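Written out below as structure tokens is the structure these notes cover.
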Amino acid sequence: MQRIPTDPLCIRKFKPVFEHAVYKTSVDVVGKYLSGLLIIKRMPDSSSRIVFTNELGFTFFDFGFGADTGFHVYQIAPAMNKKAVIITLRKDFELIMFRNMDSVKQDALTDSGLVYYAFPQSKGVNYYITDPNCGRLVKMQRASDKKPVMEAFFIGNSAGESPDSISIQHLNFNFSIGLKKISAIATP
Amino acid sequence: MIRTLILAGFMFCYFHSLAQYPGYALVNNPESFKVSFGRATASTVSIQSDFSQEKTLTMLSEKISSSGKFWFQKKDKMRMEYIRPYPYLMILNAGKIFIKDGQKENKISAGSNKVFQQVNRILLDCVDGNMLNNPDFQSRIFENGGSYLIELKPQAKNLKELYKNINIVLDKKDYSAASIGIYENSGDQTMIHFQNKSINAPIPDSVFNIP
Numbered sequence: 533m534q535r536i537p538t539d540p541l542c543i544r545k546f547k548p549v550f551e552h553a554v555y556k557t558s559v560d561v562v563g564k565y566l567s568g569l570l571i572i573k574r575m576p577d578s579s580s581r582i583v584f585t586n587e588l589g590f591t592f593f594d595f596g597f598g599a600d601t602g603f604h605v606y607q608i609a610p611a612m613n614k615k616a617v618i619i620t621l622r623k624d625f626e627l628i629m630f631r632n633m634d635s636v637k638q639d640a641l642t643d644s645g646l647v648y649y650a651f652p653q654s655k656g657v658n659y660y661i662t663d664p665n666c667g668r669l670v671k672m673q674r675a676s677d678k679k680p681v682m683e684a685f686f687i688g689n690s691a692g693e694s695p696d697s698i699s700i701q702h703l704n705f706n707f708s709i710g711l712k713k714i715s716a717i718a719t720p
Numbered sequence: 003m004i005r006t007l008i009l010a011g012f013m014f015c016y017f018h019s020l021a022q023y024p025g026y027a028l029v030n031n032p033e034s035f036k037v038s039f040g041r042a043t044a045s046t047v048s049i050q051s052d053f054s055q056e057k058t059l060t061m062l063s064e065k066i067s068s069s070g071k072f073w074f075q076k077k078d079k080m081r082m083e084y085i086r087p088y089p090y091l092m093i094l095n096a097g098k099i100f101i102k103d104g105q106k107e108n109k110i111s112a113g114s115n116k117v118f119q120q121v122n123r124i125l126l127d128c129v130d131g132n133m134l135n136n137p138d139f140q141s142r143i144f145e146n147g148g149s150y151l152i153e154l155k156p157q158a159k160n161l162k163e164l165y166k167n168i169n170i171v172l173d174k175k176d177y178s179a180a181s182i183g184i185y186e187n188s189g190d191q192t193m194i195h196f197q198n199k200s201i202n203a204p205i206p207d208s209v210f211n212i213p
């Protein structure tokens, strides 16, 4: 990879806005399958809540993300209540929500015709990967110090609104999340 | 003084039961109810109905609505087929659970997992009237002019972690379930209402076949 002189913050135009989005969601994790609805909602205090509930109404998890920083577990199913699971989900959502982009060490690198906008995290790096002109968001990636660990994709416009579909694929173990937006099913 | 305290205690219990479920009062003779209920459920072999479901996420001020069709056959067969907002199918049959979510199919043996066993039993007991005999729950029975409300409080630790209580409302005219309310410790709740019920109509076995 080669460093290039470009403003990493150009990727901010791809940042999705989750005012109130409901996704039909399927999760494959180490041979097990979960499905249900995932709701992402911006609260009056500008924090965001993400709730995953199954078709029968059982809540898998309920997370809160502060307006700028912060994370809180409001509720989580006992089987999922493990530190590694919570941290993984938190980091996955932080990536697709374009959070934690304030590091002074942000950078832009090019490789194979793509531009990698790097945002170091407390551990590892979040990458937002675009075409050469920062005109199209190709994918997002979480990486450890050594290698990519997760990739995420948006389908449909994300700039200023919630994407039609979101795909999250972990690269080190069998864990993937597929989200497809559905509309007009929730009545606030 | 003591009589005053006892009277105050009874009054508290009476008004507390009224406040618990507005419009309902504790039944005077729960054993008599159990006999009548047992008689009615003994003669129920099958149930078919439409259902509507509403999940309320309290903190998000969010309601998620869905609907579909429901079949039950004594003693351990149930089919719950969601049609809206998207197809989702669950079949319980002789301790096996089949779930079809769009193209994805999943078969689970209820015996392989204690929580699945308990949830399997709860669902079937709620419908076939056996919930009062389920040792995983402590029950109280309330009534109003047209219905009974059975409140089930979980006793098993793993169920207590998930649910605050499950309430079943029964039509007084035939003791069939009109609704099931699932109340989570978080304050969220799921209400399932059964409509257009058909009791004891024949149901082909194929409805409950697991592929």
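Each protein sequence line maps, in turn, to chains A and B.
Count along the first sequence from 1, then add 532; that gives the number in the working numbering.
Count along the second sequence from 1, then add 2; that gives the number in the working numbering.
Where a beta carbon is used, it is the ideal one built from N, C-alpha and C, also for glycine.
Quantities reported herein were computed from a predicted structural model and do not represent experimental measurements.
| From which residue to which residue does the alpha helix (DSSP H) around residue 37 of chain B run? | Numbered from 1 along the second sequence, position 35 holds the residue referred to as residue 37 of chain B. Annotation for residue 37 of chain B: the continuous alpha helix (DSSP H) segment containing it runs 32 to 44.
| query | To which residues of the same chain is residue 552 of chain A closer than 6 angstroms at the C-beta, ignoring the five residues directly before and after it? | reply | Counted from its first residue, the first sequence places residue 552 of chain A at position 20. Taken in chain order, the residues that qualify are 573.
| request: Ignore the nearest five residues each way along the sequence and tell me which others in residue 96 of chain B's own chain have a CB closer than 7 angstroms to its CB. | output: One-based indexing of the second sequence puts residue 96 of chain B at position 94. In the same chain as residue 96 of chain B, and ignoring 5 residues on each side of it, the C-beta atoms closer than 7 angstroms to its own belong to 78, in chain order.
| request: Could you check what DSSP says for residue 167 of chain B in three-state terms: helix, strand or coil? | output: For the purposes of this step, residue 167 of chain B is taken as the residue at position 165 of the second sequence. If DSSP states are grouped into helix, strand and coil, residue 167 of chain B belongs with the strands.
| Supposed contact pair residue 536 of chain A and residue 642 of chain A - C-beta distance, whole angstroms, cut 8 angstroms | Start at 1 with the first residue of the first sequence, and residue 642 of chain A comes out as number 110. Start at 1 with the first residue of the first sequence, and residue 536 of chain A comes out as number 4. Confirmed, about 5 angstroms.
| Which residue spans inside the stretch 601 to 666 of chain A form an unbroken beta strand (DSSP E) run of at least 3? | 603 to 608, 639 to 643, 646 to 652 and 657 to 662, all fully within the stretch 601 to 666 of chain A.
| message | If I follow the unbroken beta strand (DSSP E) through residue 79 of chain B, where does it start and stop? | response | Here residue 79 of chain B refers to the residue found at position 77 of the second sequence. Here the beta strand (DSSP E) through residue 79 of chain B covers 79 to 86.
| task | Name the one or two DSSP bridge partners that residue 560 of chain A has. | result | Translated into positions along the first sequence, residue 560 of chain A becomes position 28. For residue 560 of chain A, DSSP records a beta bridge to A:565 and A:708.
| Which partner residues of residue 185 of chain B appear in the DSSP bridge assignment? | Residue mapping note: residue 185 of chain B aligns to position 183 of the second sequence, counting from 1. Here residue 185 of chain B is bridged, per DSSP, to B:167 and B:191.
| field | Beta-carbon proximity list for residue 547 of chain A, same chain, < 6 angstroms, skipping 5 on both sides | value | Counting from 1 along the first sequence, the entry for residue 547 of chain A is found at position 15. Taken in chain order, the residues that qualify are 630.
| query | On the three-state DSSP scale, how would you describe residue 668 of chain A? | reply | Here residue 668 of chain A refers to the residue found at position 136 when the first sequence is read from its first residue. Here residue 668 of chain A sits in coil by DSSP.
| query | Residues of chain A with CB under 8 angstroms from residue 88 of chain B, in chain order? | reply | Your numbering for residue 88 of chain B matches position 86 in the second sequence. Here the neighbours are 556 and 714.
| Would a check of beta-carbon distances place residue 78 of chain B closer than 8 angstroms to chain A? | Taking the second sequence and counting its residues from 1, the one referred to as residue 78 of chain B is at position 76. For residue 78 of chain B, the closest Cβ of chain A is not nearer than 8 angstroms.
| task | Let me know if residue 503 of chain A comes out buried or exposed under the rule of 16 or more other beta-carbons within 10 Å of its beta-carbon. | result | Since the first and last residues shown for chain A are 533 and 720, residue 503 of chain A lies out of range.
| request: With distances taken Cα to Cα, identify the nearest neighbour of residue 531 of chain A among A:578, A:605 and A:545. | output: Residue numbering for chain A in the displayed model covers 533 to 720; residue 531 of chain A lies beyond these limits and cannot be assessed.
| request: Given a cut-off of 8 angstroms, decide if residue 624 of chain A and residue 700 of chain A are closer than it, judged by their beta-carbon atoms. | output: The count along the first sequence starts at 1 and reaches residue 700 of chain A at position 168. The count along the first sequence starts at 1 and reaches residue 624 of chain A at position 92. A contact, by the Cβ cut-off of 8 angstroms.
| task | Flag residue 577 of chain A as yes if its beta-carbon sits less than 8 angstroms from any beta-carbon of chain E, otherwise no. | result | Checking the listed chains, one finds no chain E in this structure; the protein chains it contains are A and B.
| chain B contact residues for residue 574 of chain A, given Cβ-Cβ distances below 8 angstroms | In the first sequence, residue 574 of chain A corresponds to position 42, counting from 1. Chain B residues near residue 574 of chain A: none, gap ~10 angstroms exceeds 8 angstroms.
| task | Please state whether DSSP places residue 129 of chain B in a helix, a strand or coil. | result | In the second sequence, counting from the first residue as 1, residue 129 of chain B sits at position 127. In this structure, residue 129 of chain B counts as helix in the three-state DSSP scheme.
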